[in-house]
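Asker: For the sequence shown, the numbering used here begins at 89 and goes up steadily by one.
For every residue, glycine included, the Cβ atom is placed at its ideal position computed from N, Cα and C.
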Amino acid sequence: MQSDLKVTFNNIRSLEDTQHLLNAGTLSQCAGLLVTCRTILLFGMGSSLCVAKDTYLKFLRMNKPCIVNEDWHSQLLQAKNSSSEDAAIIFSYGGQTKEMIECMKILKKNGTPCIAVTRYALSSIAKLADYCLYTAANETLFRNGAMSSRLSQLNVVDILYTGFAFLQHDYAVKQLVHTHIQKENADSGEP
C-alpha cells in the first residue's frame, strides 16, 4: 500500500526535524527541573492528552509524583492548586489550545515553572512557557494534527525521561528493577 510508505516517511521526517529543533541546554534544564520539583503536573487535550498519559506512566516507574487529569475542568483545578514547587508540562502541538492557555495563565500566576512541548512557531503557549521544547510534524491530509505530531511529542518525552533518569542513575536503575512487572510467556506458561 502506497499510503504506508508516505506515513512512515512523514513520521521519520518529523522526528529528524524535531531533533534539529531541540536545544540540548534547554533539555538539560528541564530534566533537572523535573528531578527537583515536588510534583510533575501534566496538561493536554485530544491526542496531546495521550502523550501526557504516556509521560505519567514513565515517571510513575521512577516513583516521581505526577498528575494527569482526563478532563479540562480537572486540569484547571490542577493548575489552580499548583505552586512554585511543582513543574508543569503542557502538550499542545498547535500552541493555541484555549483550555491550555487558560491553565498556563493560572500556572504562571502561581509561579509554577512551565515546560511547553509544542511546534516551532510563535504561539500563545510558547510565549507563556518558561521552557519550550519544540517539535515538528508533517501531517497527512487524513490525520492533520494527530499522527507525526504525536510521535514527535512522544520522542521529546522519551528524551526528557532519559535525562531525568541519567541525573539520578543509581536510583533510576533500582527503580526500574523494582517496578519491573514479570510477564508469563504465553506459549510455555513460564516467565
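For Gly233, name the three-state secondary structure that DSSP assigns.
Answerer: The residue labelled residue 233 in the question sits at position 145 within the sequence shown. Low per-residue confidence applies at Gly233: pLDDT is 48, beneath 50, and the placement is therefore not dependable enough to give any value.
Asker: Could you have a look at Cys138 and say whether DSSP puts it in helix, strand or coil?
Answerer: Numbered from its first residue, the sequence shown carries residue 138 at position 50. Three-state DSSP puts Cys138 in a helix.
Asker: How far does the beta strand (DSSP E) with Ile128 in it reach, from first residue to last?
Answerer: For the purposes of this step, residue 128 is taken as residue 40 along the sequence shown, with counting starting at 1. First-last of the beta strand (DSSP E) with Ile128: 128-131.
Asker: Tell me the rounded alpha-carbon separation between Leu229 and His268.
Answerer: Residue mapping note: residue 229 aligns to position 141 of the sequence shown, counting from 1. Residue mapping note: residue 268 aligns to position 180 of the sequence shown, counting from 1. Any reading at Leu229 needs caution, since the residue's pLDDT is 41, under 50, leaving its predicted position unreliable; the model's value is listed next. Rounded to the nearest angstrom, the two C-alpha atoms are 40 Å apart.
Asker: How big is the Cα-Cα spacing for Leu255 and His266?
Answerer: Position 167 of the sequence shown, counted from the first residue, corresponds to residue 255. Position 178 of the sequence shown, counted from the first residue, corresponds to residue 266. Approximately 18 Å, taken between the alpha carbons.
Asker: Determine the burial state of Gly183: buried for a count of at least 16 other Cβ atoms within 10 Å of its Cβ, exposed for fewer.
Answerer: Position 95 of the sequence shown, counted from the start, is the residue given in the question as residue 183. Buried, by the Cβ-count rule.
Asker: For a test of the three-state rule: what should DSSP assign to Glu272, helix, strand or coil?
Answerer: Within the sequence shown, numbered from 1, the residue matching residue 272 stands at position 184. Coil, per DSSP.
Asker: Please go through the same chain and pick out, in chain order, the residues whose beta-carbon is closer than 8 Å to the beta-carbon of Leu242, but skip the five residues on each side of it.
Answerer: Counting from one through the sequence shown, the residue named residue 242 turns up at place 154. So the list reads Val139, Asp142, once near-sequence residues are dropped.
Asker: In this structure, how does DSSP classify Cys191 when only helix, strand and coil are distinguished?
Answerer: Residue 191 sits at position 103 when you count from the first residue of the sequence shown. Reduced to three states, the DSSP call for Cys191 is helix.
Asker: Could you pull out every residue in the same chain whose Cβ sits closer than 7 Å to the Cβ of Cys118, ignoring the five residues on either side in sequence?
Answerer: Here residue 118 refers to the residue found at position 30 of the sequence shown. Excluding positions up to five away in sequence, the list reads Ile203, Tyr219, Leu221, Leu248.
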